[in-house]
Every structure is written in C-alpha cells, then in structure tokens.
Amino acid sequence: MTLAARSAAADTGLAPIPPASSDATARARICLPFSGDVIGGSHLSVLDLLRRIDRARFDPLVVVQHPGGKLARLFGDHGIPVVCPFDWPELPYNRRVGANAIRAALAQLGPQIRFLRENRIDIVHVNDGRTQVAWALAAKLAGTRLLWHHRGDPGSRGLRYAAPFLADAVLAVSQFSLPRPGLISAAGKAEVVHSPFDTGISVDRAAARARLIAELDVPDDTLLLGYFGAFVARKRPLLFLDTIDHMRRMRADRPIVGLLFGAAEEPAMDAAIRAHIASRGLADHVRIMGWRSPGTAWIAACDRLLVPAVGEPFGRTLIEAMLVGTPIVATRSGGNVEALKDGALGRLVTPEDPVALAMGALDMAAGEAAALAARAEADARVRFGFDRHCEQVSAVYERLLGTGAGAAV
14 MTLAARSAAA DTGLAPIPPA SSDATARARI CLPFSGDVIG GSHLSVLDLL
64 RRIDRARFDP LVVVQHPGGK LARLFGDHGI PVVCPFDWPE LPYNRRVGAN
114 AIRAALAQLG PQIRFLRENR IDIVHVNDGR TQVAWALAAK LAGTRLLWHH
164 RGDPGSRGLR YAAPFLADAV LAVSQFSLPR PGLISAAGKA EVVHSPFDTG
214 ISVDRAAARA RLIAELDVPD DTLLLGYFGA FVARKRPLLF LDTIDHMRRM
264 RADRPIVGLL FGAAEEPAMD AAIRAHIASR GLADHVRIMG WRSPGTAWIA
314 ACDRLLVPAV GEPFGRTLIE AMLVGTPIVA TRSGGNVEAL KDGALGRLVT
364 PEDPVALAMG ALDMAAGEAA ALAARAEADA RVRFGFDRHC EQVSAVYERL
414 LGTGAGAAV
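Mapping the sequence shown onto my numbering, position 247 (from 1) lands on 260, and the numbers just tick up by one.
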C-alpha cells in the first residue's frame, strides 16, 4: 500500500491525498508539513496564503503530526487538504533542538522521501524551525525544491548551517530575520516577504473597550495594557508583569490593569507567571485572559499594546494593533524597529527595561498616541495585505519551478 493510500484508508477524518496528474500542465504540488500541534503566527500566515493561492497553478497539501489536532482542524475547516501519512518524532517546542532529536528525525528519512516521491511533490515549503529540522534533508534527498521560510532569529543554527546547503530559496519575515552574509551563508538566495494580514479589518475601539471594561468590572478611567501571544521566554511575559508593577507605583492615582492574552505552552512558564503575580502583589492589577478570538477585537479594546519581546522577528499582534489603531510601546529589538519604522509609528524603548516600558506607556499623551496610531494604521494597510503576500510567495514558487520571472534557463 502506498503512503497516499495508507492515508486515505486510515480512520483519521482527514482527506485522502488526491492522485498526482500525469498531464504536462498539471498544477505544481506544494507540500507544507508542520511539526507538533501548537498554533502560532506561522500557521496563520500559511492559512492566509493557502486560502488565496491560485489553485489553477498550485496544489497545496498540508501534512500534520496529529490527525485530530488543532492544526488539522485549522486547515481542514477552510477546505485545505490535510493528511497524516505516517508518524515522525515530535521535536521539542520553543527549545533548542539537540543531537538526540536530530538523530530521531533522521531515522524517518525513508518514509518522508517515499511520501514526497510517491505523491510527486514539486516544492516542500517549511515554515518553522522544528519542521525544518524534520523535513529539509528529506526534501533534498527526494529531489524536490525546498523553500525555507524563516520566521525566527538570524542566529538560528538551522538558518546558518543547514539552509545554505539544503534550501533552494529562503524567505524571511523581516530584514532582521535575513541570514547574515558570510563564508557559509544563505544570504544570496534570501529575500524578505512580510507576513499577510487582513488590511480591511475595522473594529469599533470604543465599543470594544466598553465591553472589556464591563467584563473586568473596573472603572472607566482604568488604563488597559495588553500583552498578546504565547507565554514563552522570548516574548518576556515576566517583564510585562514587572512593567505593570512599575506603572501602578508611578501612577498610584490612576487604576491600571495589565491583561495577559495568551497561554503558556509549558507548565513551568505558567507557574512562573502566577508566582510572579503573587510575589509582587499584582493580583488586583493583572488578569490572565487566555486565548481569545478574534484577537484583533481584544487588541482594539486595549489602551496600549505593550511588546516587551526581545529578538521578535516580526510580531503578528504588533501589526494587528497597527491595523486597529491601538497605540504601541515596544522594545527597540528585532523586527519591532522595522515594523514601527524606527519609532515613527509607535514608541520604541530600551530592551529588558521595565521602567522604560512603563514610562513609554505613561508618558504618551493622548494627542501623541492618536497621531502615532493613525500613521501606523495607514502604513500597515499598504504594507501588509493578503494579496501582496500571496503574489510574492507565488512568484517564488514559480521561480523554483523554472516557470516564473528570473527562473534559471
């Protein structure tokens, strides 16, 4: 039984893999595998891409590890083919991948190569570090083209040591994320393609804020500070808590509440956040809100978005805040500088400094906040649309296939 047939026969609720066409004009088959079952910005960006890609030219196939998991539902609910043809080791989330994990991934090369060949995959598009470790070498050995979509730090080992040899092209979500030039580097085959966003979104901020005030049962003049995203070390949720602690001491005359929208993917971080709140006496000044959808409605309800992250490649919530008109105070680090155009569209402050974040939020007068938010919204609607992203990625697909502008002759 072929892997495609095995996928169809398995009682997983997933779509079977349609047979590859032998027609010379058949659509290019794009395989987009994902490791684990945590939904993040990369998955949402891929979903936005696949909902708009030209199906007359491209035939996308999403491969997941958990047939009944969140990722399978995310794509399947939008009519995008999702399969789980075989098991492969789940690499650690949000941690450096060690030698043992790499060896375990290499042990699955045979099934992966057979899957790619049997299903006539033309391009493997890998979108996160764990998936790059698990699938990049298999794509190379199977003879498919490999598109390495980098959404992380430019110092990552995969980008520095694997992408130069395995990737046929590299996409980075920001200038910050581009590979650095060097003797061994993927810089010569890399370009920036910003993640896609719904630039037509419109939220009534006053109404959203009123609903949040009512839910929290706090006075109307409460300053609402939002943190949005997974509770992971790089995003600095503990620094956000320290910032709220400083703000409530600096402005004892005004009620202040910090809102943590998101969740910890690891019990240790959840425990650390709750211990931090207790040790600093922040129970009346911080609320853990959990994941909420649509996120933009809750971002719009906040008076400020605080982005304490360090080395953030190009945060989705920061762009979403720009689109709904919520003023931003972010660390001068990573892709924040590029997104906010060096402070022209939001406040940029010293990284790892809760006092700087606190003062940046408190010192932003109403007039300045409104002006920054208006400029940010107008800019984001031009820079980050779905269509532009889809056109750029599609052009890269065509170059890899030898059918687009700039393709090798």
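Yeah, the Cβ is synthetic: ideal placement off N, Cα and C, and Gly gets one too.
Residues near residue i in its chain [Cβ-Cβ closer than 7 Å; skip 5 each side]
i: V216; result: T309, A310, A313 and V337
Other residues of its chain near residue i: CB distance less than 8 Å, five sequence neighbours each side excluded
i: H298; result: I257, D258, R261, I269, V270 and G271
i: R130; result: A155 and G156
i: F346; result: According to the sequence provided, residue 346 is Ser. The question's Phe does not apply to it. So the qualifying residues of the chain are A322, V323, G324, E325 and P364.
i: S198; result: R173, P177 and P192
i: I332; result: S208, F210, A352, A393 and F397
i: A221; result: A310, W311, A313 and A314
i: G54; result: R164, S208, G328 and R329
Pairwise C-alpha distance: residue j and residue i
i: S58; j: F47; result: 13 Å
i: R388; j: P321; result: 22 Å
i: G49; j: A39; result: 31 Å
i: V395; j: H138; result: 26 Å
i: A37; j: R401; result: Interpretation of A37 is limited by its pLDDT of 43, a score under 50 that renders its predicted location unreliable; the figure taken from the coordinates is listed afterwards. Their backbone Cα atoms lie some 28 Å apart in a straight line.
i: R164; j: I93; result: 22 Å
i: K153; j: I43; result: 14 Å
i: G82; j: L60; result: 16 Å
i: D255; j: L45; result: 39 Å
i: R65; j: C403; result: 7 Å
i: I286; j: F274; result: 13 Å
i: E279; j: A223; result: 33 Å
i: L167; j: V146; result: Position check: residue 167 holds Pro in this sequence, whereas Leu was assumed. Taking the straight line joining both Cα atoms gives about 16 Å.
i: E390; j: G356; result: 14 Å
i: Q121; j: R143; result: 14 Å
i: A22; j: I52; result: In this prediction, A22 has a pLDDT of 34, which is less than 50 and means its spatial position is unreliable; what the coordinates show is noted afterwards. Using only the alpha carbons, I get a separation of about 27 Å.
i: L358; j: W304; result: 26 Å
i: S35; j: H162; result: Its pLDDT being 49, under 50, S35 is placed unreliably by the model, and the measurement read from it follows with that caveat. The straight-line gap from Cα to Cα measures roughly 29 Å.
i: D230; j: I301; result: 15 Å
Integer Cβ distance of residue i from residue j, believed to fall under 8 Å
i: D316; j: L237; result: 5 Å
i: E325; j: R247; result: 7 Å
i: F327; j: S190; result: 7 Å
i: T235; j: I226; result: 7 Å
Opposing strand residues paired with residue i [DSSP bridges]
i: A41; result: F71
i: A185; result: H163 and V205
i: T344; result: V362
i: V59; result: None, per the DSSP bridge assignment.
i: L273; result: Y240 and I301
Beta-carbon contacts of residue i that lie in its chain and below 6 Å, excluding the five residues immediately before and after
i: Q125; result: A151
i: R158; result: I136, D181 and L413
i: I134; result: R42, C44 and T157
Inter-stretch contact at 8 Å, needing at least 3 Cβ pairs: the region 162–178 / the region 74–91 = no
Pair every Cβ in the region 197–214 with every Cβ in the region 230–246, then say whether three or more of these pairs are closer than 8 Å.
-> The region 197–214 vs the region 230–246: no contact.
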